[in-house]
Amino acid sequence: MVKKIIKVSFAIVAVIVAVMLIKALSFTSKQIKTEPAGDFSVDEKNVSQHLSDAITIPTISYENETDIKGKEFLNFHKYLERTFPRLHKTLQKEIINNYSLLYTWPGKDKNLKPFILMAHMDVVPVEEATQDQWIHKPFAGHIAEGYIWGRGALDNKSDLMGIMEAIEGLLTKGFQPQRTMYIVSGHDEERGGSQGAVKIAALLKSRGISPDYVIDEGMVITDGIMPGVSSRVGLIGIAEKGFMSVEIIAKGEGGHSSMPPRETTVGILCKAIVKLESNPLPARLDGPAKYLFDYVGREMSFINRMIFANLWLTEGLLKSQLQKVKTTNAMIRTTTAPTMLEGSNRDNVMPNVARAVVNFRLLPGDTPNNVLEHIRKTVDDPRIEVMPVAKEIQTASPVASINSKQFKVIQKSIRQVFPDVVVAPSLAVVASDSRHFAGLTNNVYRFSPMVLKAVDISRLHGINERIAVDNYIQLIKFYMHLITNSQMEK
Ligand SMILES: [Zn+2]
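Heads up: the sequence shown is residues 265 to 754, going by this note's numbering.
Spelled out as structure tokens, the structure:
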């Protein structure tokens with residue numbers, strides 16, 4: 265009997281191992297082989313100087329909308345006109361809501377759907393306290409040590425200037441598009457885009473425009489960040505997470521702190537927060553995260569390929585590993601982040617009302633109502649009120665297709681300029697202006713051809729923002745390829 269059990273168990277294990285091996289062996293690369301198309305040479309000195317000059321115009325989005333320095337934005341418009349004369353002669357320019365820009369490059373074939381390239385022109389302010397930590401002044405546009413330095417060098421003047429350089433370059437070569445193209449450049453992305461991108465999306469919608477695809481910032485080429493993959497990885501964001509803040513309010517007995525009740529409002533509130541933090545929304549390995557691992561898993565060592573090719577067996581194990589790291593955890597679940605706390609403002613007074621705000625970033629598939637239900641169930645305390653903070657509830661964006669020809673056009677353009685880069689779909693965990701275009705097309709992609717190492721991430725909105733000159737040249741070439749590759753018929 266025992267012998268038989270051992271025999272059967274051995275047979276089962278053998279079958280499982282065989283299945284895993286077969287799956288791993290057929291788990292082959294999804295990368296495409298391609299060659300750079302045509303002569304897309306770029307004058308390094310010229311284009312670097314242009315970006316450097318663009319950085320010196322402080323188009324800052326201040327916290328308070330009314331603080332906007334309109335003059336700087338108008339200066340920036342004039343600067344673009346001077347720098348890209350061919351573009352301004354050929355494309356139609358519209359100024360939307362005083363400062364945002366919409367350019368139309370009419371294509372020859374009106375039957376083809378247009379496409380939209382986006383890049384915002386505003387930048388975040390530089391914190392006063394960090395001024396002296398900048399190696400080169402944030403608005404001086406220094407070119408030094410092989411980099412172009414300053415606020416906006418990454419986020420997002422490089423994309424805007426790069427798109428324009430690409431068009432100016434193509435025009436010089438006599439290129440004429442078949443397909444109509446738009447450039448959308450909002451002036452308040454860093455404040456949510458309500459005055460810029462939102463208005464432009466509404467305008468295009470009112471004109472009946474349904475673009476073939478939209479591409480904006482959001483994801484980049486990571487260098488040494490993706491565990492298990494030795495190559496650099498170009499991540500194309502096919503969706504972005506939603507945003508919801510929720511007030512958690514505890515009401516009860518306040519008063520003098522000399523005779524506290526057994527449970528205070530502050531204590532009740534804190535228990536609720538601890539419950540929320542220890543019971544996050546469930547992790548899910550589906551949608552963009554699943555696609556990501558399906559693409560990068562194929563580029564890993566054989567052992568890792570065994571794991572990623574056999575999610576039917578390994579999904580639980582994988583999820584538990586991904587949850588341990590905050591970056592991958594954010595990709596597989598709606599995250600819970602307590603951000604604000606309020607009690608009384610005297611050390612000897614207990615508040616009648618204690619209040620916290622918890623910020624949730626919603627995974628595609630989780631709705632604000634799901635999240636509210638989860639909070640109420642988890643807290644499970646009648647003394648606690650749960651109320652969404654009315655402004656800025658944003659569901660996650662729809663998920664763009666990875667099988668579309670538009671995704672493949674972006675993938676191909678990346679590989680033409682960066683032949684060694686592994687391209688993979690991904691989830692953008694930060695917001696971009698492109699979310700406002702979800703009503704116009706399903707094909708909204710988020711990708712900038714900037715190469716970032718882990719240490720560079722903090723330069724975004726931080727100190728010493730910079731882009732390598734050779735990376736900027738590649739960025740321009742990427743847009744040249746993207747624009748020409750996007751011309752193919754239907
Ligand atoms: Zn940005």
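Every residue gets a Cβ at the ideal spot worked out from N, C-alpha and C, and that includes glycine.
Ligand 1 heavy atom lying under 8 Å from the CB of residue i
i, result
"SER696", "yes"
"GLU454", "yes"
"ASN375", "no"
"HIS384", "yes"
"ASP419", "yes"
"ALA563", "It is Glu, not Ala, that sits at residue 563 in the sequence shown. Checking every heavy atom of ligand 1 against the Cβ of GLU563, none is found closer than 8 Å."
"GLU481", "yes"
Under the three-state DSSP convention, the category residue i falls into
i, result
"GLU606", "strand"
"GLU219", "Here the chain has residues from 265 to 754 only, and residue 219 is not among them."
"MET445", "strand"
"SER696", "coil"
"LEU746", "helix"
"THR486", "strand"
"LEU365", "strand"
"VAL687", "strand"
"ILE332", "coil"
"LYS287", "helix"
"ILE359", "strand"
Buried/exposed call for residue i, threshold 16 Cβ in 10 Å
i, result
"ASP373", "exposed"
"GLY414", "buried"
"PHE557", "buried"
"ILE399", "exposed"
"LYS333", "exposed"
"GLU541", "exposed"
"PHE274", "exposed"
"THR330", "exposed"
"ASP611", "exposed"
"THR529", "buried"
"VAL484", "buried"
"ILE513", "buried"
"ILE666", "buried"
"GLY472", "exposed"
"LYS741", "buried"
Beta-carbon gap between residue i and residue j smaller than 9 Å
i, j, result
"ILE657", "VAL650", "no"
"ARG730", "LEU418", "yes"
"THR347", "GLU358", "no"
"LYS505", "LEU549", "no"
"PHE701", "ALA465", "yes"
"ALA503", "PRO544", "no"
"SER325", "PRO389", "yes"
"ARG625", "THR603", "no"
"ASP565", "GLY492", "In the sequence as presented, Asp is not what sits at residue 565; that position holds Ser. It is a contact, given that the beta carbons lie within the stated cut-off."
"MET714", "ASN728", "no"
"TYR559", "LYS294", "yes"
"LEU467", "LEU605", "no"
"LEU435", "LEU351", "yes"
"MET385", "TYR363", "yes"
"GLY703", "LYS469", "yes"
"ALA688", "LEU533", "no"
Next item on the list: Please go through the stretch 532-617 and give each complete beta strand (DSSP E) segment of 3 or more residues, from N-terminal end onward.
Entry: 599-606
Note to self: Going residue by residue through the stretch 617-652, where are the continuous beta strand (DSSP E) segments of at least 3 residues, counting only ones entirely within it?
What the structure shows: 617-626, 648-652
Checklist line | Completely contained beta strand (DSSP E) runs for the stretch 297-343, where each covers 3 or more residues | finding: none
Note to self: Restricting to runs no shorter than 3 residues, where is the beta strand (DSSP E) found entirely within the stretch 372-448?
What the structure shows: 379-382, 411-413
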